[in-house]
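J.: Here it is, the structure in full.
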Amino acid sequence: MRKLAWLVADASVLSISLVPSRRELDWLSNPSFSAEDALRLHQHTTEAAKLTPEKSPLIRNTSKSDLSEESDTHENLDKTSKKTKKKKHHHHKKTKRKTREDSSSSESDLDSKSIKDKSTGSGRSREKEATTTQDSKTSNLTSNRFVWLDDVQAFTSETFRIDKKSDPANWAYKSLYRGDIARYKRKGESCLGIDVKKQRITWAGSASEKKRSQKQPERYFTKNNVKMLTTDGIPVYSKTSSSDTTPFIPVPQIETDDPPDSTEVNPLGIYDPSTTMWLQGKGCKDTGLEPTTQQASQEPGINTSSILMSKVEEHNKKVRENPRDIHAWMEFVSFQDELMRGPSPYASKGEQEVRRKSLKLILEKKLAILERAIESNPGNVDLKLARLKICTEFWEPPAVIKEWQKLIFLHPNNPELWKKYLLFCQSQFSTFSVSKINSLYGKCLTTLAAVHDGSMVSHPLLPGTEEAMLAIFLQQCHFLRQAGHSEKAVSLFQALIDFTFFKPDSVKDLPTRGQVEFFEPFWDSGEPRIGEKGAKGWNAWMHQQEKGGWIAVTKPDDDDEEIDEDQEIKNKTLPKWQIWLDIEYSREARQWLPWRPDKTKKQTEEDCEDPERQVLFDDLGPSLIQLSSPDLQRQLVYSFLQFLGVPCTSRLFPSSLYIAMDENNIFDSVLSDEKPLTSFDLQLSGFNSIGHMDTMPRRRHHIGHYKEGEEFIQNVFQFLLFSGKEKSNLSACWLQYEISKVIQCLQTKRKKKLKVQGKKSKKLAKNLLKAPDNRNHLSLWKLYAYLEWLLGNVDDARKVFDTALSTAGTGGVKNPQLCSLSLLYAQLEVELLESLEGAVMSRAVHILTKLAENGPYVPYSGQVVSINILKARKTYDHEVQDYLNNISAANRDQVSDSNHLVNLVGCCALFQYLTVGIDAAVLIYTRALEKLEAPDPKNCDNPGENLSVPNFPAALEDLSLLHTNLLRFHMKIGVYPLNPLREALAAALKRHPRNQALWRSYIHVQRKSHSASKARRFFDGVTRSTCSLEPWLFAIRAEQMRKTLIETVQRADAGEVHATIPETGLTNRIIALFEHAVQSENGTHCPLLWRMYLHFLASLGKTEKSKGLFYRALQNCPWAKVLYMDAIEYFPDQLQEAVDLMTEKELRVRVPMEELDLLLEV
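Residue numbering for the sequence shown follows my numbering, beginning at 13 and increasing consecutively.
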């Protein structure tokens, strides 16, 4: 083969060199040269050139020189000088270098026996050229060019070439260049020619394995994994035998008709029958079970689909057989959520159903079900409300309001429906305005009043209508207060109290609208109203009018506080938005009373500078209702006092509670950290009292009110002091109001204000005790002594306590007021102790011992007789046990018995704490709480159903508070583990998730813990189990306190924070809590929650997100003026826009921008 290649090469040289030199012709003397063969080869090449068309195939050139490219049979062969050879040799080197740089591999990739295919392309064969003749075998081999196999007509058996050069790419890479390898598809994992039993081929880098390796594991939230999690698993054991579970999956025993002879295959008898038959080569008879099990294990979705199908059929059967069952329809609607979470039960077997689980699809299905339900139950309100709730997601607000109006027209006697309608209209930003909503409240109360007094005979009176009317009235008053129209809210209370308590006997038999017509002349007569000097009431005015009327002459007061409008701007250098907020706050605090012309000064209605301060009868007449129940009348009075900022024991109705919450004072612990036993709990936490509307960053709380407001509250108390028991209770509320102002002075550390306020409060207390009806009222004596104690006059306070106990007589532990007085006296004395050493001989033990002796009280002389302590312990144990055992269903609803029980258990526990220890006191509380939590066997047929219903809700809550306060005090003065207090607080909060005092104690205790996981789990559990908003608020507060603590630790210098712990997680957790809270039912329309959320985002410096959140809050609470004021504080450049928006929605703007510009110019 090599010899033939050499000969052919020499022949080609002969054909080229026609004018050789003598030296070049020396090779002719070679005996192996045959001139005939060379001539024959030359002729063959010439004939082939004539037959080849001009369009020659492309030939790839990888030769060492360009001489072969330029050589032709028609070239001048005289140009073969040395100079030309050197030049061409230099060109050959450049071409070689360029060719190697451009190509990714060399021509040595090819084996000597391999032939290039047309479809393969490599870097070594990129250059192609066209030749005019078909290259023969000789010329191809001489020029070292590749030849396509199809282009060679002759010498097909000898078309080959030997390349002895090595390819460096074979050293650098593991395999040949992929472009040099023909494409193929391997079928199977084996190979021809190998012994399958002994040999095996492992294909490295197979396509399936490569795809498997490149496929990343899916996360839990992907579509396939979510689908797998929602499917039900296949049970591996029978659910009926859950009591007798086995640690393994039993193999079913198979009974055979002919027992096989198993001695050969099972000599020891250890195999089961199925294994024995398999060893014998026999099949199992009951083989039909295996495919079913295998199919079920392979397709778990079929099991779930069948379950869902059965549930759908069950729901359809229920509503078809009993279409009047409202609960079944509601369950069917709720089931749609579960149905959409799982796989579709209507998909064919083995079919991969792809469907979009959109919210719209679920809502449309629910809407269709509810429409079917309403067709069967046209008079049911719950179904229509559920339909309206779903329609809110589809329709525009005006369309939904029209549907609401149709529903209200059909059911005008349903107060719960009215409440939902009012809340919906009040929270629609696009259609909201204060005048519209206020008139809607009036229409609601007018309609319900007509139903209540029988004027509307078309619809019957539903139970609970009167309570609902008062709740709607209070909701309207707080709505007006939050919108800034405080004058209208105060006028509403004034009118309804006069309308309820001072109604003439001549109009009591008339319907409500008739009574309102008689009330209007009194309101417009200009006579003093409740809270104003000289007020006598509607009844007295009517009697005097029948006699001929009177002329009231009142002397003007010289001490009237004149407000200089020019002095409202104290510093004109401040920014404009800040000046506006200052003036707005000042006017809110001073001008919350309705303006009326002063007849002594000959004023008329035209003299009013701000017309919005005047309240017309048309604004409040439709909202007047009749309250016949004494409890509701009492609730109205205390609600008005709470509205003015007076702390009372009464609370607002739960339906309107969260809508009216707009102040974050629920987190303020009033002396609870310093004095846990006697902390003063303000019942009106979370509400802005009238005249105290300010932005959240500032919170400038003025103690009490200005002079005009304080005189108004004083006149209200004097006007409302009725005779009998209610007079004493109102006097106690008045004194509590004075004590609250003293506590605020103590908190703010205003010594001058405290001194002045102390004198006023003591003077009021003495005046109240001078009244004949109050001299023997121990609650007033208790408050007066507590006031002296707060002012620092401990000796004077002890004298007051001793005097009250001495004059109380002999009642002992059976006297409720004496128990309450002794308990407070003992708690105050205990708080003075620094430790329990010597506590047995303290004044507190003397007080509690004298209470148990049931004799006259003797002041403390410095020691306590031991025998008296033993007698007192026995008396307390006996009395508490008898009281708990004798609780009957008859006295469970009596508040006095409930308070007596709390005070008695409190005295007994405090006595045990001082004489025995903390464990004995905790045992007393634990027994009492267990007894109160136990169900009453007389009132429940099935005791297991009412385990969570307490007998005394108020007593249970108060005892829980006393229990936790005692544990907190003990931890303050001594060493005690934290776990008992945590468990007590957790148990109490699960029973009373709305108690703010317990929540304050809980976050105060948890802030000392380094790990927040337990508290977070507890908050999460409580929020899931209750609809109350307090768990959300305090969970957010706890996380914010933790964030503040971390920032304090990180702050090395005064104004610089060095971050050492990542803050991202805590911030995102707080934002997530806010988002979950505002999406809850009660949190959506709570202004306080939105204010806290906005304040938190603004504190992070996220201005754009804060603006978005502000407009989002307005979509849910457009009536809350404090939201607009907060926005002005956070976004000062939006002052004009916020004021214009408030004006558009008819919120009260006391400082128009035009007036502000004039004040700044002066």
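Just so it is clear, CB atoms sit at the ideal spot from N, CA and C, and this is done for glycine as well.
Can you check which of these residues, 553, 485 and 850, is closest to residue 516 by C-alpha distance?
T.: One-based indexing of the sequence shown puts residue 516 at position 504. For residue 516, the nearest C-alpha among the options comes from 553.
J.: Here's a check: name, in chain order, each residue in its chain whose Cβ is nearer than 8 Å to the Cβ of residue 825, leaving out the five neighbours to either side.
T.: Along the sequence shown, one-based indexing puts residue 825 at 813. Answer for residue 825: 831, 863, 864, 866, 887, 888, 891, 916 and 919, listed in chain order.
J.: Just reading off the alpha helix (DSSP H) that residue 777 is part of, what are its end residues?
T.: Taking the first residue of the sequence shown as 1, we reach residue 777 at position 765. 763-782 is the extent of the alpha helix (DSSP H) around residue 777.
J.: What runs of the beta strand (DSSP E), each 3 residues or longer, lie entirely inside the region 908-933?
T.: Counting whole runs of 3 or more residues, the region 908-933 contains no beta strand (DSSP E) stretch at all.
J.: The alpha helix (DSSP H) that contains residue 856, what's its start and end?
T.: Sequence index remark: in the sequence shown, residue 856 carries index 844 (1-based). Taken as a continuous stretch (DSSP letters only), the alpha helix (DSSP H) holding residue 856 covers 855-865.
J.: Assess contact between the region 1140-1158 and the region 581-596, defined as three or more Cβ pairs (one per stretch) separated by less than 8 Å. Is contact present?
T.: As far as the Cβ criterion goes, the region 1140-1158 touches the region 581-596, which means the pair count is three or higher.
J.: Give every residue of the same chain whose Cβ lies closer than 6 Å to the Cβ of residue 974, excluding the five residues on either side of it in the sequence, and list them in chain order.
T.: If you number the sequence shown from 1, residue 974 lands on position 962. Result list for residue 974: 918, in chain order.
J.: With three or more C-beta pairs closer than 8 Å as the rule, is the region 761-774 touching the region 782-791?
T.: Segments in contact, no.
J.: Taking the alpha carbon of residue 750 as the reference point, which residue from 1005, 717, 49 and 461 has its own alpha carbon closest?
T.: Position 738 of the sequence shown, counted from the first residue, corresponds to residue 750. It is 717 whose Cα lies nearest to the Cα of residue 750.
J.: Rounded to a whole number of angstroms, what is the C-alpha to C-alpha distance between residue 927 and residue 1135?
T.: Working through the sequence shown from its first residue, we reach residue 927 at position 915. Working through the sequence shown from its first residue, we reach residue 1135 at position 1123. Cα to Cα, residue 927 sits roughly 54 Å from residue 1135.
J.: Kindly indicate which three-state DSSP category residue 489 falls into: helix, strand or coil?
T.: As a working mapping, residue 489 is identified with position 477 in the sequence shown. Helix, per DSSP.
J.: Roughly how many angstroms lie between the CA atoms of residue 626 and residue 1023, to the nearest whole one?
T.: If you number the sequence shown from 1, residue 626 lands on position 614. If you number the sequence shown from 1, residue 1023 lands on position 1011. Distance between the alpha carbons of residue 626 and residue 1023: 57 Å.
J.: Give a yes or no on whether the C-beta atoms belonging to residue 1008 and residue 697 are separated by under 7 Å.
T.: If you number the sequence shown from 1, residue 1008 lands on position 996. If you number the sequence shown from 1, residue 697 lands on position 685. Result yes, Cβ atoms of residue 1008 and residue 697 sit closer than 7 Å.
J.: Can you tell which of 861, 875 and 511 has its C-alpha closest to the C-alpha of residue 885?
T.: Locating residue 885 in the sequence shown gives position 873, where the first residue counts as 1. Ranking the options by Cα distance to residue 885, first place goes to 861.
J.: Can you give me the Cβ contacts of residue 823 inside the same chain, cut-off strictly under 6 Å, excluding the 5 residues immediately before and after it?
T.: Indexing the sequence shown from 1 puts residue 823 at position 811. Counting only Cβ-Cβ distances below 6 Å, and skipping sequence neighbours, we find 830.
J.: Within a Cβ cutoff of 8 Å, which residues of the same chain sit near residue 437, ignoring the five residues on either side of it in sequence?
T.: Here the question's residue 437 lines up with position 425 in the sequence shown. Cβ neighbours of residue 437 beyond the five flanking positions: 413, 416, 443, 444, 448, 449 and 452.
J.: Just curious, the alpha helix (DSSP H) that residue 897 is in, first and last residue?
T.: Along the sequence shown, one-based indexing puts residue 897 at 885. Looking at the DSSP string, the run of the alpha helix (DSSP H) that includes residue 897 is 878-897.
J.: Where does residue 788 fall in DSSP's three states?
T.: Here residue 788 refers to the residue found at position 776 of the sequence shown. Coil.
J.: According to the neighbour-count rule (16 or more other Cβ atoms, all chains shown, within 10 Å of its Cβ), is residue 1163 buried or exposed?
T.: Counting from one through the sequence shown, the residue named residue 1163 turns up at place 1151. Result: buried.
J.: For residue 1196, which three-state DSSP category applies?
T.: Since the first and last residues shown for the chain are 13 and 1174, residue 1196 lies out of range.
J.: I'd like the span of the alpha helix (DSSP H) that includes residue 705, first residue to last.
T.: Position 693 of the sequence shown, counted from the start, is the residue given in the question as residue 705. Neither: residue 705 is in no alpha helix (DSSP H) and is coded neither H nor E.
J.: When we look at the beta-carbon of residue 336 and count the other beta-carbons within 10 Å, is it buried (16 or more) or exposed?
T.: Stepping through the sequence shown from its first residue, residue 336 is reached at position 324. With fewer than 16 Cβ atoms within 10 Å of its Cβ, residue 336 is classed as exposed.
J.: Grab me the residues of residue 852's own chain with a C-beta within less than 6 Å of its C-beta, minus the 5 sequence neighbours each way, in chain order.
T.: Numbered from its first residue, the sequence shown carries residue 852 at position 840. These residues qualify, in order along the chain: 927.
J.: Which whole runs of the alpha helix (DSSP H) in the region 1090-1152 are 4 residues long or more, in chain order?
T.: Entirely contained in the region 1090-1152, the alpha helix (DSSP H) runs reaching 4 residues are, in chain order, 1099-1111, 1115-1128 and 1133-1142.
J.: What is the rounded straight-line gap between the Cα of residue 441 and the Cα of residue 1132?
T.: By 1-based counting over the sequence shown, the position of residue 441 is 429. By 1-based counting over the sequence shown, the position of residue 1132 is 1120. Those two C-alpha atoms are separated by around 11 Å.
J.: Is the region 967-982 close to the region 999-1013, with three or more CB pairs under 8 Å?
T.: Touching, per the Cβ criterion.
J.: How about residue 702 and residue 498: are their beta carbons less than 7 Å apart?
T.: Counting from one through the sequence shown, the residue named residue 702 turns up at place 690. Counting from one through the sequence shown, the residue named residue 498 turns up at place 486. In contact: residue 702 and residue 498 (Cβ atoms closer than 7 Å).
J.: Is it buried or exposed for residue 58, if we count other Cβ within 10 angstroms and need 16 for buried?
T.: Here residue 58 refers to the residue found at position 46 when the sequence shown is read from its first residue. It counts as exposed.
J.: Throw me the rounded Cβ distance for the residue 446 and residue 1121 pair, which I believe falls under 8 Å.
T.: Here residue 446 is taken as the residue at index 434 of the sequence shown, counted from 1. Here residue 1121 is taken as the residue at index 1109 of the sequence shown, counted from 1. Not quite, the Cβ-Cβ distance comes to about 23 Å (not below 8 Å), so this is no contact.
J.: By Cβ distance below 8 Å, which residues in the same chain neighbour residue 640 in space, the five residues on each side in sequence not counted?
T.: On the sequence shown, residue 640 is found 628 positions in, with the first residue counted as 1. Answer for residue 640: 478, listed in chain order.
J.: Tell me which residues share the same chain as residue 815 and place their Cβ nearer than 6 Å to its Cβ, disregarding the 5 neighbours each side in the sequence.
T.: In the sequence shown, counting from the first residue as 1, residue 815 sits at position 803. Closer than 6 Å at the Cβ level, and outside the excluded window around residue 815, lies no residue.
J.: Look at residue 635 and residue 454 and say whether their C-beta atoms are less than 7 Å apart.
T.: Residue 635 sits at position 623 when you count from the first residue of the sequence shown. Residue 454 sits at position 442 when you count from the first residue of the sequence shown. Yes.
J.: Using 7 Å as the threshold, is the C-beta distance between residue 506 and residue 541 below it?
T.: What you label residue 506 is simply residue 494 of the sequence shown in a count that begins at 1. What you label residue 541 is simply residue 529 of the sequence shown in a count that begins at 1. Result yes, Cβ atoms of residue 506 and residue 541 sit closer than 7 Å.
J.: For the alpha helix (DSSP H) that contains residue 233, what are its first and last residues?
T.: To locate residue 233, count along the sequence shown from 1; it is residue 221. First-last for residue 233: undefined, no H or E at that position.
J.: Answer yes or no: do residue 985 and residue 854 have a C-beta to C-beta separation smaller than 7 Å?
T.: Stepping through the sequence shown from its first residue, residue 985 is reached at position 973. Stepping through the sequence shown from its first residue, residue 854 is reached at position 842. No, the pair does not count as a contact, with Cβ atoms beyond the cut-off.
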